[in-house]
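Undergrad: Take this structure, written in C-alpha cells, and hold onto it; I'll ask about it next.
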Amino acid sequence: MTPERLLEFQNELLQELAAGTGLGGLVEKYSDQIGAPVVVIDAYSRVKAVSQNAPHWPEGKVITLSSPEKGSFKCSVDDDGATWEAICLEIAGRGKGLPGYLLVLDGPGRKLKEKEIVALGKQVSFVCALEFARIRSLLAMEQKYKDDFIFDLLYSNIDTPETAVTRGELWGWHLDRPHLVMVFELDHYEHFSTDPQLMEEVLELARLAALKIDQAPILMEKRGELVAILPVEGLNRKKDKARVKEFASNLCDKVRGKISPRMFRAGIGRVYPAPTEIFRSYQEAKVALELGRLVPSCGGVPVFSDLGMVRLLYNNDRQELEEFYQETLGELEQYDQELGNDLTTTLKSYLAHSCDLKRTAQALFLHPNTLRYRLKKVEELLEIDLEDLDTKLDLMIAFKIKYLLKPETG
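The sequence shown runs contiguously to residue 417 in the working numbering.
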C-alpha cells in the first residue's frame, strides 16, 4: 500500500465526512475497499454503524468484544452465541479516552491482506474520531437543553402540568404518566480531579442499564450526583418497586466495581402522578440516600416510602433527638464506657431479634442464662421493664436516633 494511495483514500474519507454521510458512509467506503464487513462500536460496545454486508445489528445494540493480545489486531466478536473473528482498531480521541473501535469481520470476500486492511483502517479510525467528536459536541449541546428542563422539573420551576408535558414531548418523554426520582451519589466528589470524567462514565453505564428495562429513565448528571426520573405504570406497586430497585442496585454494583473502595449510593423517592410534583420525589430520594448513609437498617437502596419512623426522626430538631437519646440510653452507654461492658450491644441485638431470647443468644454466641442476666442488668440500670411495649418502642427509637446523630464517616 503506497503512501500516495493512503493519502488519496484519506481524502476520499474526508469527502464522505464533508458530505454528511456520518459513520455509516465511512464504514461503507472502507468496506468497499477491503471487501469485508465493517462495524463501528463505541467504548461501551454499543453498535454505532455497520456496512451493508455486515450482520444486521441495529444502532445501540451491545455486542461482546474480546480484547486483542498485545501487538496484535485480532479479536473475536460475540453476539448471542454467534462468534466472528475480527481485526480491531482503536478509534483514538483527545482527552476523553477511547471513543470506540473499528471492527473488520472476517469473511470469504476479503480483497486485501491484514497489513493493508490495518493501514487503510488507521485512516478510517482517524476520520471516525473526527465524527465521534462532532457527535459528542452535538449531544453535549442537546443534553444541556435537556438538563435545563430537568432542573426546572426538580426544583418546581414549571407552573402547570400541561407546560411540563408539552416541553417533555420535544424529547419524547411522556410526562403525563406517573414518575418517581432516583438519586445516585459519588462519595467525596471533587470537581477539579478525574471525578467529572468518572461521572460521565457513570451516566453511560446508566444508559446501558436503562436498555434492560421497559421504560427508560430521564437522566441528568450534576457534580457527583446522577438523577434518574423513571416512568412507572402505577398499576402494581410491588412490581414497580422491584423493577426500580433492580435498576438502582445493578447500576450501583457496576459503578462500585469500578471505583472501590469509594462508595456510590442511591435513594428512591415516591411515585407522583403529575410532572409538577416530580420535585417532591427528588427531595424524598435525597433524604432516602442520606438516611441510607446513616442508618444501616435502611438497606442497600433505601426507598423513601419504606423508611417509616426514621424519616420522621430525620426531620426533627437535632437537640430534641439528642435529649431523647440521652434520657433513654445515655446511662447504659456511660456504664459500658466506664466498666468496659457491652450491654448496649446486647440490648440492641435483643430488640433486633424481636425480643426472642433464643435467637438473640445464638446471634451473640451467649448461653441463654448469661443473656437473661445481662438483660436483667439493663432493666436495673435504666429502671425499665423490657416486657412493656412502650418501653421497647422508646428503645428502638433511641437506637435509630443514635445512627442519625453520629458524625458522617463516609
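Even for Gly, the Cβ is constructed at its ideal location relative to N, Cα and C.
When you compare only the Cα positions, how much space is there between R379 and L328?
TA: Those two C-alpha atoms are separated by around 29 Å.
Undergrad: Measure the alpha-carbon distance for R381 versus L320 and round it to whole angstroms.
TA: Near 29 Å, if we compare the C-alpha coordinates of L320 and R381.
Undergrad: Run through the DSSP bridge pairs and tell me what V46 is partnered with.
TA: Answer is V57 and L110, bridged to V46.
Undergrad: Would you say V190 and G276 are within 9 Å of each other, going by their C-beta atoms?
TA: The answer is yes: Cβ separation under 9 Å.
Undergrad: Please determine if the stretch 223-240 and the stretch 199-210 are in contact, where contact requires at least 3 C-beta pairs separated by less than 8 Å.
TA: In short, these stretches touch, since the Cβ pair count reaches three.
Undergrad: Determine, for G107, whether the minimum Cβ-Cβ distance to residues of chain B falls below 9 Å.
TA: Absence of chain B from the displayed structure is noted, only one protein chain being present.
Undergrad: Tell me whether H195 sits in a helix, a strand or coil according to DSSP, three-state version.
TA: Note: H195 maps to coil in three-state DSSP.
Undergrad: Note down the Cα distance separating Y162 from R287, rounded to an integer number of angstroms.
TA: If you take the alpha carbons of Y162 and R287, they lie about 9 Å apart.
Undergrad: By Cβ distance below 8 Å, which residues in the same chain neighbour N348 in space, the five residues on each side in sequence not counted?
TA: Counting only Cβ-Cβ distances below 8 Å, and skipping sequence neighbours, we find Y342.
Undergrad: Is I7 helix, strand or coil by DSSP?
TA: Residue 7 lies beyond the range of the chain shown here (8 to 417); nothing can be said about it.
Undergrad: DSSP three-state label for A25, please.
TA: In this structure, A25 counts as helix in the three-state DSSP scheme.
Undergrad: List the endpoints of the continuous beta strand (DSSP E) containing M227.
TA: Where M227 is concerned, the enclosing beta strand (DSSP E) stretches over I225 to K229.
Undergrad: Any idea if T377 is buried or exposed, counting beta-carbon neighbours within 10 angstroms, 16 or more meaning buried?
TA: Result: exposed.
Undergrad: Could you work out which residue in L105, G100, G88 and S132 is closest to I94 when comparing CA atoms only?
TA: For I94, the nearest C-alpha among the options comes from S132.
Undergrad: Whole angstroms is fine: what's the gap from G337's alpha carbon to T398's?
TA: Each residue's alpha carbon lies about 15 Å from the other.
Undergrad: Can the beta-carbon of L237 be found closer than 9 Å to that of F254?
TA: The answer is yes: Cβ separation under 9 Å.
Undergrad: Is the CB-CB distance between W91 and L112 below 9 Å?
TA: Yes, the pair counts as a contact, with Cβ atoms nearer than the cut-off.
Undergrad: Look up P238 in the DSSP assignment and give the residues it is bridged to.
TA: Its beta-bridge partners are H186.
Undergrad: Hey, quick one: how far does the alpha helix (DSSP H) through C259 stretch, first residue to last?
TA: Its alpha helix (DSSP H) spans residues R244 to I266.
Undergrad: Considering only their Cβ atoms, is the gap separating T283 from I404 smaller than 9 Å?
TA: Their beta carbons are not under 9 Å apart, which means I404 does not touch T283 by this criterion.
Undergrad: Applying the criterion that 16 or more other CB atoms from any shown protein chain within 10 Å of the CB defines a buried residue, is F372 buried or exposed?
TA: F372 should be labelled exposed.
Undergrad: With a threshold of 7 Å on Cβ separation, who are the neighbours of L389 within its own chain once the five nearest residues in sequence on each side are excluded?
TA: Excluding sequence neighbours, L389 sits near E338 and L339.
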